[in-house]
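Heads up: the sequence shown begins at 691 in this note's numbering, then just goes up one per residue. Please read the structure below before turning to the comments.
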Amino acid sequence: MQAMDLDKPLTPASERVWHTPELVRFILPHLARERVDLLAIAQVNKAFRTMALPLLVRILDVPLSKVDAFQTLFDRHPELNEHVRFVRIVDDEARHWRDRCHCHSLIRVFDTNKQWRQLKDFLKNRWPAAKFDVTCGVRTSGSVAKALKLSGIEKNIVALRWIADFPLPADPDSDWEDDSDDEIEFRHDQVEYGWDRASQVTQRIAEAQTTSDTKLVSFQIESKQAGILDEEVISFCAWKVMRNVPSAHLHTLNINISSHDAGIPNESEVFKRTWPKLRHLSLNAGPESIEEKGQDELWDDFGEGVVESWVRRHPLLEHLDIRAHSTIPPILLNNDFHDLTSVSLQQCDPGFVGTFLLRLGHKLVELELPRFVTGGGLPAAIRPGLSLPNLRILRAPPRVAAALIDGKHAPQVAHIELKWTDNVGELMLQEWILPASGAAFHLTCLDIQIKFDDFEWIATKLSRTTFDASRFPALVELCMRSCLEYQPLEGDYDESDFDCDCLRQILRCVGPLPSLRALRVQGLGAGPLPTSEPTEIQIGLAPRKLEYLTWVSTHPSRTQYFRVVQAPIRYVPQRWECVCHSPILLTMQQLPASFRAHISDEGEWIQSSKVRHNNTLFDHTMSPPRLPPQP
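Below is the structure:
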């Protein structure tokens, strides 16, 4: 009998792990957020594909423009339908139409009505256990009604968001002056019809959920674009239905109305309703131009205390955001708000803000403040003795933020968003954050927006005066936005190469930051980065812990998310070369937008109605900051 060879190497441990299905099933869920690794594993063999695909489809982000791709996938793998749990359906054409600010083309990318019809056929008898978060444009509400009804998903919708997506004039200053009366009347009828159908859809969802365990918990109505018309565009009937439809389980309500909607009696119908479980309230009434109509005509309801009374009936509010045109009388908030942790005081007198903060400031975790240019200004709002011990997120102009930080009123702020800044010099970070005792050491996120400097200059200027390893040792996330358009160089110069060169310069500028894990860059005029394959960039210096890059382009409008992997390059310098840093190879792999999704247990895809509040990837109220949880 042959003796056993004890010296013969055993099967490597890693190989044994990947051949143990129980262990593989335990490992794979940790790769589900970024998805790209799961996709790679699914291509290894059939066994891995069987385990990886159910995790890939558990959370689905379904833009209307990609319905074809999803239909192909689920037609090939019908067994995956039972694994889908959380779905967001977005009319991405409507959202682009609403958000576009640099393009006034009246040409739409695709036929949204056709896409809704295709979605109806695709969803029929699929995803029985899924919960749906639906964002749809009002212009195509007729097609939305048929799609939701015939697909049978009405009873499983937990969040519904209506977005105004009506055509804007080719000249944004024309206000349709060159159009005939018939054209204006037709457009008005189209708008009113859209909102009436939207109200019917909302009502039908509520009726379908009377016997369902799933309830509508989040509702949004937005008519901001409708301000181009001279008449009310949300009919009384639509407002009344929307007042009555949201269920008693509603905990998030977001109302964005234009100045042309803010008249009696329409919006007051909404203010008559009480939602006993309401936790998050956002009311944005303006600030469109109101020169053509008098303040009394537009805002009587606000002046009569309707909003104050409405808020008073919701004592469980945790997040409160009320904003309107600057000419509107200040809204008084005299409630005790026992659970309030986040507040935006945009339409408030400085004296009231000062009293409010002295009374409730100790509870706040997130605070947004305006410039305070009237009514006593900054001294009336930021008073001696003010204490904000739990404040972690501060959104304010530099002067207001400086008064809170340098005055040691908010010693634990981790996330600062600086607003209304014309140039880098106005930030003056070295004059108030750095000297303040411990402020720079607590800071984990800095979000800056500059009007009249491009982002290359922003990064260069800050690298000379502010970004230093010893000054911001804990900074995890940096967001930079420039509102100044830059142009690529003329001649035979590829625009994507130009954008990559800009990125290299920015990475070099922020390279000394030792803890930076996420960088967001948004520049007016920027183009998208190449995504056909993982992008590789050679650079001399970059933040050594950088994991994520968000690149926001405007031509075309697109937000790209990348995972960043760094590897040193073996390089032997010549005798005459002076090399301060070993070169680095950055490999950037594009991630789906859903990787950053924050989904509640009810199935709502949590997102702020304010675009800028969605800039950051990490939750900086946590220590250390972390990506938002997914169910």
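Note that the Cβ used here is the ideal one computed from N, Cα and C, for glycine as well. Computed from a predicted structure; not experimentally measured.
Item	Value
Helix, strand or coil at Asn-1305 [DSSP, three-state]	coil
First through last residue of the beta strand (DSSP E) which encompasses Gln-1279	1274-1281
Beta-carbon proximity check, Ile-1138 vs Leu-1117, cutoff 8 Å	yes
C-alpha gap between His-767 and Ser-1160, whole angstroms	53 Å
Boundaries (first-last residue) of the alpha helix (DSSP H) holding Arg-1089	1088-1096
Of the listed residues Lys-967, Leu-968, Arg-1302, nearest to Gln-1212 (C-alpha basis)	Arg-1302
Met-660 burial status per 10 Å Cβ neighbour count (16 or more: buried)	Beyond the ends of the chain as shown, which are 691 and 1321, falls residue 660; an answer cannot be given.
Spatially closest choice to Glu-1056 from Thr-1045, Cys-1038, Pro-1079, Phe-1062, by CA coordinates	Pro-1079
Alpha helix (DSSP H) runs contained entirely in the region 1045-1077, provided each spans 4 or more residues	1067-1071
One or two residues paired with Thr-1111 in a DSSP bridge	Ile-1140
Cutoff 6 Å; reference Ala-928; Cβ partners in own chain excluding five residues on either side	Trp-885, Asp-886, Ser-889
8 Å Cβ cutoff met for Leu-1022 and Glu-998	yes
Own chain partners of Ala-1283 with C-beta closer than 8 Å, once the 5 adjacent residues on each side are dropped	Asp-751, Thr-1249, Tyr-1251
Residues near Leu-813 in its chain [Cβ-Cβ closer than 7 Å; skip 5 each side]	Ser-841, Ile-843
Same chain, Cβ closer than 6 Å to Glu-921, five either side skipped, listed in chain order	Because Glu-921 sits at a pLDDT of 47, beneath the cut-off of 50, its placement in the model cannot be relied upon, and the following sentence gives the value as read from the coordinates. Same-chain partners within the cutoff: there are none.
Paired residues, beta bridge with Gly-1213 - DSSP	Ser-1172
For Glu-912, the three-state DSSP class (helix, strand or coil)	strand
Classification of Ile-945 by the beta-carbon crowding that lies within 10 angstroms, buried from 16 upward	buried
Exposed unless 16 or more other CB atoms sit within 10 angstroms - verdict on Leu-1054	buried
Candidates Trp-817, Asn-815, Leu-1276, Trp-708, of which the one nearest Arg-1198 by Cα	Leu-1276
Contact under 8 Å by Cβ, Ile-1123 with Ile-1095	yes
DSSP state of Arg-778 mapped onto helix, strand, coil	strand
Boundaries (first-last residue) of the alpha helix (DSSP H) holding Thr-802	802-813
Where the alpha helix (DSSP H) through Thr-1249 begins and ends	Careful: Thr-1249 lies outside any alpha helix (DSSP H), inside the beta strand (DSSP E) at 1247-1258.
Meets three-Cβ-pair contact criterion under 8 Å: the region 1035-1051 and the region 999-1006	no
Ile-911, buried or exposed, once every other Cβ within 10 Å from all chains shown has been counted against 16	buried
C-beta contact flag for Ala-732 and Ala-742 at 8 Å	yes
Where Val-707 sits in the DSSP three-state scheme	helix
Nearest residue (CA-CA) to Ser-937, options Asp-823, Ile-1083, Ala-896, Arg-1210	Ala-896
Check whether Pro-1163 and Val-1200 have beta carbons under 8 Å apart	no
DSSP-derived helix/strand/coil call for Trp-1122	helix
Limits of the beta strand (DSSP E) - the one that Ile-1296 falls within	Taken as a continuous stretch (DSSP letters only), Ile-1296 belongs to no beta strand (DSSP E), as it is neither H nor E.
Alpha carbon of Leu-809 to alpha carbon of Asn-771, nearest angstrom	15 Å
Beta-bridge pairing of Cys-826 - partner residues as DSSP gives them	Trp-852
Residue environment, Asn-1381, which counts as buried when at least 16 other CB atoms sit within 10 Å	Outside the modelled stretch of the chain, which goes from 691 to 1321, sits residue 1381, for which no answer is possible.
Beta-carbon contacts of Thr-904 that lie in its chain and below 7 Å, excluding the five residues immediately before and after	Lys-821, Lys-845, Asn-846, Val-848
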